[in-house]
Amino acid sequence: NPKVSAFQRRFVGEVRRCEEMEKTFTFLQQELRGAGRVLGPCPESPRAPLAREALRVQEQSEQLAQELREVSHNRASLRGRLRELRQYLHVLREGQRFTSWPAPLGSPPRPRALSERDPLLDPSLHQHLDRKINFVAGVIHPWRVSAFERLLWRACRGYLVASFVEMPEPMEDPATGESITWVIFLISYWGEQIGQKIRKISDCFHCHVYPYPESEASRADTMSGLHSQIQDLSVVLEETEQYLAQVLDKVTLALPTWRVQVQKMKAIYLVLNQCSFDVTEKCLIAEVWCPVRDLTQVQDALRQGSVGCLVSPCPCAGVGWCSHVLMPRVAWCPHVLMSEVAWSPYAIITFPFIFAIMFGDVGHGLLMFLFALWMVLRENSPSLRQSSNEIWLTFFEGRYLILLMGAFSIYTGFIYNECFSKATVIFPSAWSVAAMANHSSWSSAYLATHPSLTLDPNVTGVFQGPYPFGIDPIWSLATNHLNFLNSFKMKMSVVLGIVHMGFGVMLGVFNHMHFQQWHRLVLELLPEMVFLLALFGYLVFLIFYKWVKFSAANSLEAPSILIHFIDMFLFTSNAANLPLYQGQVPVQTVLVVLALASVPVLLLGTPLYLCCQRRAPRTGPPVEDVESGGHNPDAKHVDFAEIFMHQAIHTIEYCLGCVSNTASYLRLWALSLAHAQLSEVLWTMVMRQGFVRLNYVGGVVLVPVFAAFAVLTVAILLVMEGLSAFLHALRLHWVEFQNKFYVGAGYKLCPFAFVPDTWE
């Protein structure tokens, strides 16, 4: 029922009640944490409560929460009152030292030196004073003492005497809950105006001011009363702590079971809210996916949770079971759900092939193929399946892919004509050295001074036509074979890369047709193909046209494709670089203009179309969009600024990606040459040395030489180079190929299940 709002669904009240109970459980959990208690998991898996049980759980949890609130409030009040009484007691004790001088009984007075602990005024001088001395006493945070003292001195102009001393014991700060050592202050002053200033300053600094009795006898009586109050409050606080511990014990025992029950109840009501209600049949209707192995359990659960149940399952195509569920009656029917076109059927072929382009060697591909074939033939072996080695399991799970990678590497190895870096002569070479020697009349002196000889294909009989399959083996003997392979593999990489990307763009047709987004075929797919083919498709055309038009006879007149491609974007021509065909410059100008014109169509087409669709009255059903997570972009709540921003990002990414992705496919050329050169270096530095430098004893010494060659071949060329080519092929598919059509959005499958406790 996606059209029904969340507030109109049938079980909204029950879900709200579950959420209210969860709030109560959260408060109970916080109280347990505050008391330093850890709530353990539920010892068993209780069933979802019935209606009466749910009401009982709600009443008991709210009662415990109310008791905890009251007890916690009372405890906090008692702790605050006890803290204030203790602070007051310390203030009076420390004030006694400042305002009185206790003398031993019967001892005569004697002169003494003054100290900080002496009384502020000699009691014998009181009778000579005309003004009354008043006191302000209290405690202050230690961080505020220096600023407090400076402000008192400046505001009162010295008409006071202030004394500060640290409290003997630390106490809790009610604002932060930290234990700090407060500072006691006692201020004596003359005059009521000075006293008002002192009290206002004390309030500004959040000081705790306490009344200070004038006479010593009054202070003694006050301290005696404080002692008795502190003792009484300590007893009451201890009893409150005990009662609070009892309430927390009840919460600790009941809360784990309660919250699992409420979670199950809420999960069930959330699923029932997704069902549509049939008023005539008085039943709930839902579409359900069910794994085949759980079908019996689902049927039993439906029978237990409903009045009646009739189940007749029908299998779906490939993915499991889909059903239309009527509760209390249940009917099953096939239904196929598709999100977007899958790339895996095509990647089964393209991935091993792109890997093989970088890994092309008959010998290396054969070793990889035989290794994968051995794993495939022994795939049912328990020793291979149950291995604890994670690296081995990675290879074993990908045995079929490795098999294809090895087979395609053998194929590309035959094209490159490389087997452990050496050429194979399957067919006779198309080049004739004898014809060149007969035509050139090479003498012995010429041959002695020229170690490298050039074969001219324009000479009759020297070049007899292309090699039947792959590269002619004579190129492996040539000193310029690297230059030849560079040109060949670079153009091959560009051609295959553009074809691969174009195929990815065309796969987007299936997405647009499946979701009935016909406007995207014209406003997105068409400008994307125009942009790609007008620029880079034309580059492929130039490569093939140059191969076909120019032969050995006129190859020196062949122009540079790179310069033509640069001039194409600059709308110019180069006189030194001859055109490939008549009218090349106008054709290139038209193609660039078409490519540039497709950019605003790609940028503004879809947003403007959706804007027009929003204003027009709608008559058909909504169309889902996989790129927006399966929601309809034509809905009224869609933000068109967000749609335009999304389309702008897509346009910039696609246009710049066509350039960067084409350059990215040049990794096929680079890694293919690197693999060939590493293979050649390994042959030259190891096996060739065993053949050349060892004379008669070579047959014996070749055994360890070949062993070293085999180990290095497996470790470097098969494992390291194979992993490198694998990662690069994976990147070319994931980034360069799939971003042309694959979004990977849609609906996340969240099967209904009572998952383990996720309270934390």
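Quick note on numbering: UniProt numbering labels position 46 of the sequence shown as 46, and the sequence is numbered without any gaps.
We put the beta carbon where it would ideally sit given N, CA and C, even for glycine.
{"Check": "Val-585: first and last residue of the uninterrupted beta strand (DSSP E) it sits in", "Outcome": "Segment 584-615 is the alpha helix (DSSP H) holding Val-585; no beta strand (DSSP E) there."}
{"Check": "Spatial distance of Val-260 from Val-711 (CA atoms)", "Outcome": "59 Å"}
{"Check": "For Glu-418 and Ala-729, believed in contact at Cβ under 8 Å, the rounded distance", "Outcome": "Wrong, their Cβ atoms sit about 19 Å apart, outside the cutoff."}
{"Check": "Own chain residues within Cβ distance below 7 Å of Asp-567, not counting five before or after", "Outcome": "Ser-573, Asn-574"}
{"Check": "Cutoff 7 Å; reference Leu-151; Cβ partners in own chain excluding five residues on either side", "Outcome": "Ile-201"}
{"Check": "Backbone secondary structure at Gly-13 - three-state DSSP", "Outcome": "helix"}
{"Check": "Integer-rounded CB distance, given that Leu-666 should sit under 8 Å from Met-492", "Outcome": "Contact doesn't hold; Cβ gap of about 10 Å is too wide."}
{"Check": "Continuous beta strand (DSSP E) stretch holding His-208: start and end", "Outcome": "208-210"}
{"Check": "Which of helix, strand or coil DSSP assigns to residue 762", "Outcome": "Nothing in the structure corresponds to residue 762, since the chain is present only between 1 and 760."}
{"Check": "Which of helix, strand or coil DSSP assigns to Asn-134", "Outcome": "strand"}
{"Check": "For Ser-5 and Leu-749, the rounded distance between their alpha carbons", "Outcome": "22 Å"}
{"Check": "Gly-630 - DSSP class collapsed to helix/strand/coil", "Outcome": "At Gly-630 the pLDDT is 42, less than 50, meaning the model places this residue with poor confidence; the figure from the coordinates comes in the next sentence. Correct three-state label for Gly-630: coil."}
{"Check": "Presumed contact (8 Å Cβ cut-off) between His-512 and Leu-525, rounded CB distance", "Outcome": "7 Å"}
{"Check": "6 Å Cβ shell around Arg-474 - same chain, five flanking residues per side excluded", "Outcome": "According to the sequence as given, residue 474 is Ile; it is not Arg. If we look at Ile-474 and ignore the five residues flanking it on each side, its Cβ neighbours are Ser-429, Trp-431."}
{"Check": "Proximity winner among Tyr-609, Gly-605, His-564, Pro-607, relative to Val-587 (alpha-carbon distances)", "Outcome": "His-564"}
{"Check": "Contiguous beta strand (DSSP E) assignments of at least 3 residues, all confined to the stretch 140-168", "Outcome": "160-166"}
{"Check": "Distance between beta carbons of Val-505 and Leu-532, contact taken as under 8 Å", "Outcome": "6 Å"}
{"Check": "Spatial distance of Phe-752 from Lys-264 (CA atoms)", "Outcome": "11 Å"}
{"Check": "Contact belief for Phe-488 with Phe-408 at Cβ below 8 Å, rounded distance in angstroms", "Outcome": "Not really, about 19 Å apart at Cβ, beyond 8 Å."}
{"Check": "Counterpart residues of Cys-419 in DSSP-defined beta bridges", "Outcome": "Lys-422"}
{"Check": "For Leu-526, the first and last residue of its enclosing alpha helix (DSSP H)", "Outcome": "526-532"}
{"Check": "Reference Met-171, options Phe-369, Phe-351, Thr-222, Arg-86, closest by Cα", "Outcome": "Arg-86"}
{"Check": "Whole-number beta carbon distance between Asn-273 and Arg-10, since they are thought to touch under 8 Å", "Outcome": "7 Å"}
{"Check": "According to DSSP, residues forming a beta bridge with Met-171", "Outcome": "Ile-180"}
{"Check": "Three CB pairs or more closer than 8 Å across the stretch 76-85 and the stretch 290-308", "Outcome": "no"}
{"Check": "Proximity below 8 Å, CB of Val-183 to CB of Glu-169", "Outcome": "no"}
{"Check": "Per-residue burial, Tyr-210 [other beta carbons within 10 Å of its own, 16 or more giving buried]", "Outcome": "buried"}
{"Check": "CA nearest to the CA of Asn-739, picked from Ser-555, Arg-688, Glu-528", "Outcome": "Glu-528"}
{"Check": "Counted within 10 angstroms of its Cβ, other Cβ atoms place Cys-612 as buried (16 or more) or exposed", "Outcome": "exposed"}
{"Check": "Same chain, Cβ closer than 6 Å to Phe-644, neighbours up to 5 away in sequence not counted", "Outcome": "Pro-607"}
{"Check": "The stretch 457-476 in contact with the stretch 370-387 per 3-pair CB rule at 8 Å", "Outcome": "no"}
{"Check": "Beta-ladder partner(s) of Asp-278, from DSSP", "Outcome": "Cys-283"}
{"Check": "Rounded Cβ spacing between Ile-198 and Leu-160 (contact assumed at less than 8 Å)", "Outcome": "7 Å"}
{"Check": "Sequence-distant residues of its chain with Cβ nearer than 6 Å to Ser-443 (five each side left out)", "Outcome": "none"}
{"Check": "Opening and closing residue of the alpha helix (DSSP H) in which Pro-256 lies", "Outcome": "216-273"}
{"Check": "Nonlocal neighbours in the same chain, by C-beta distance under 7 Å from Ser-672, ignoring five residues either side", "Outcome": "Ile-357, Met-358, Gly-360, Lys-489"}
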